[in-house]
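For reference, the structure is listed below as structure tokens.
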Amino acid sequence: MSDSPYQPALEGHRFNVYRPDGLTLAAAGYGVVSGPELLGQAAPAQRELLSSLDLATRTEAYASFLADCFAVPPPESDFRRMLVFNGMVPREVQQAVPTLGSDGLDEVWAKVPRLLVSWGDEERHTRFEMSHRVIDLNPAARMSIYEGAAHAPFHERPERFNRELAAFAKG
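Be aware that the sequence shown starts at 81, since it is given in my numbering, and climbs by one per residue.
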């Protein structure tokens, strides 16, 4: 089991991605496809900037997005690494995210046999109502709220997140 967010807690496990028996969501972007009322205060301002043609604008948007992912800033070396791999997301992907549809998504959340939603109570990208909506759709779903964490509870509370994920995977 890892206490680092860069070392998977479930390394070596095999999963059937076509017929999952469980699913875990950490600050899922369901609000992006379900409507602006489910987005947090940080999301609308960054939405268009993340797909800007101007590289400097896009870089600043990624830095702002990442800063808003944390209740307490991560170490500078971790932040730089995150900035690099987030910056590798093609501009076309960022352009497509706001256009994603949600047709059938409620049915998917309702049918997953087991569902764990992890949510940081200082989340600024998505609203609590978004995560709670997923819980309302599925009576088998469970929500785990991380006090003092934001959009990245897996990074801000890796020990707890890995422990809960491992227990969830064991079923």
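Every residue gets a Cβ at the ideal spot worked out from N, C-alpha and C, and that includes glycine.
If you're wondering where the values come from, they're calculated on a predicted model, not measured in any experiment.
query	result
Buried versus exposed call for G200 [16 or more other C-beta atoms within 10 Å across all chains shown]	buried
Proximity test, Cβ basis, 7 Å: P153 and chain D	The structure shown contains no chain D; it is built from a single protein chain.
Inter-residue spacing [alpha-carbon to alpha-carbon] between V197 and T206	13 Å
For L163 and L135, the rounded distance between their alpha carbons	13 Å
Best match in F241, A230, E239, A247 for proximity to D148 [C-alpha to C-alpha]	A230
Sequence-distant residues of the same chain with beta carbon closer than 6 Å to G228, five excluded per side	A151
N-terminal and C-terminal residue of the beta strand (DSSP E) that A221 is part of	221 to 226
Nearest to L133 (by Cα), restricted to the options F165, E172, S157, E156	E172
Which of helix, strand or coil DSSP assigns to L133	coil
Secondary structure of G167, DSSP reduced to three states	helix
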